[in-house]
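A short worksheet on the structure shown next.
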Amino acid sequence: MGVRFQELDWRRTDLGELVLRRRRYPDVDGESRDVYEIKLNDEYLMSSLFTVAELELGRLALAELAYGTALDSAQESALDVVVGGLGLGCTAQAVLESPAVRSLVVVDALAEVIEWHRRELIPSGLGSDPRCRLVQGDFFAMVRGRSGLDPDAPDRRFHAIVVDIDHSPRHLLHPGNADLYQPEGLRRLAEGLHPGGVFALWSNDPPEQEFLAALGQVFAEARAEVVTFDNPLQGREAANTVYLARTAALSGAPG
């Protein structure tokens, strides 16, 4: 691509102006690569320049299942997962790296972002993976409504629910999302998990003890993992947080 910067699409949405851009970014070896960016109004939602934490979010969630106590060998080869938040598709791609994943439902509020993946303006490959289904919907409303996270199968349960939507439990894209991060909202979310199922959440902020305490009120286990990565724009190491929580296993499950 000879053009160093290209606006691939622009849409006016209920949330504001949504833009997909591609730019050529120089690597340290003198080569350059395509970097994809999604902006909502004047705020960056995601850049493919920084994907380490988003990838680790999906991988850590599955690792937490693999090392848990509730899954037998049959379940470990037939995992059903939900990802809340599509973005550039990095977390969903990380989930699909595992051959143990039988199905993946990705929920995103913006139909435009889903369209970009289906049209391959964002080259994620998600639209062509038969295990993956992209669903337009309000993740928070779906949890709140108690009808489940799969519109085709109400009350369906999953082995993992992985969320990357808000910047952190405190810094929200919309104030209406706040209830998910309180114990009652977390209880509703946990109802969508199998026994021994995992909830994983990305955050741009350091671990928050208040949110860990809320997780501890609902889940049998909860912890925070700090993921570090190089930030070439600022010339320093950056860090994100991945929260991991697991529901109690069935009584009598192997330990």
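Residue numbers (the numbering used here): 11 to 265.
Ideal placement from N, C-alpha and C gives every residue a C-beta, glycine not left out.
Given the structure is predicted, the values throughout are model-derived calculations rather than measurements.
#1: Please return the same chain residues whose Cβ sits closer than 7 Å to the Cβ of ALA224, not counting the five positions on each side in sequence.
#2: Nearest by alpha-carbon distance to ARG167: which of VAL237, PRO185, ALA151 and ASP90 is it?
#3: With respect to the beta strand (DSSP E) encompassing PRO36, which residues constitute its N-terminal and C-terminal limits?
#4: Counting pairs of beta carbons, one from the stretch 145-153 and one from the stretch 105-124, are three or more of them closer than 8 Å?
#5: Following the continuous alpha helix (DSSP H) through HIS127, name the residue where it begins and the one where it ends.
#6: Put THR101 into one of helix, strand or coil per three-state DSSP.
#7: Need the endpoints of the alpha helix (DSSP H) that GLY202 sits in, please.
#8: What number of angstroms, rounded off, separates the C-alpha of THR257 from the C-alpha of PRO205?
#9: For the candidate residues LEU254, PRO217, GLN219 and ILE48, whose alpha-carbon lies nearest to that of ILE132?
#10: Mark MET95 as exposed unless 16 or more other C-beta atoms lie within 10 angstroms of its C-beta, in which case mark it buried.
#11: Among the candidates LEU199, GLU220 and GLY202, whose CA atom is the shortest distance from the CA of SER178?
#12: Kindly list the residues whose CB is nearer than 7 Å to the CB of LEU75, restricted to its own chain and excluding five residues on each side of it in sequence; keep chain order.
#13: Can you tell me whether DSSP reads THR79 as helix, strand or coil?
#14: What residue from GLY68, ARG34 and ALA71 has the CA that sits closest to SER57's CA?
With the structure as the only source:
#1: The residues are TYR191, GLN192, PRO193 and LEU196.
#2: The residue with the shortest Cα to Cα distance from ARG167 is ASP90.
#3: Bounds of the beta strand (DSSP E) holding PRO36 are 26-36.
#4: Yes, they touch.
#5: Unbroken alpha helix (DSSP H) run through HIS127: 121-128.
#6: Looking at THR101 - three-state DSSP - the assignment turns out to be helix.
#7: For GLY202, there is no enclosing alpha helix (DSSP H), as DSSP gives it neither H nor E.
#8: C-alpha separation (whole angstroms): 6 Å.
#9: Looking at the Cα atoms, ILE48 is the closest of the given residues.
#10: Note that residue 95 is Gly in the sequence shown, not Met. Residue burial is scored here from C-beta neighbours: GLY95 has at least 16 other C-beta atoms within 10 angstroms and is therefore classed as buried.
#11: The option with the nearest alpha carbon to SER178 is GLU220.
#12: LEU81, LEU89, HIS169, ALA170 and VAL208, listed in sequence order.
#13: Model confidence at THR79 stands at a pLDDT of 47, short of 50, so the residue's coordinates are unreliable; what they give is reported in the following sentence. Note: THR79 maps to coil in three-state DSSP.
#14: Ranking the options by Cα distance to SER57, first place goes to ARG34.
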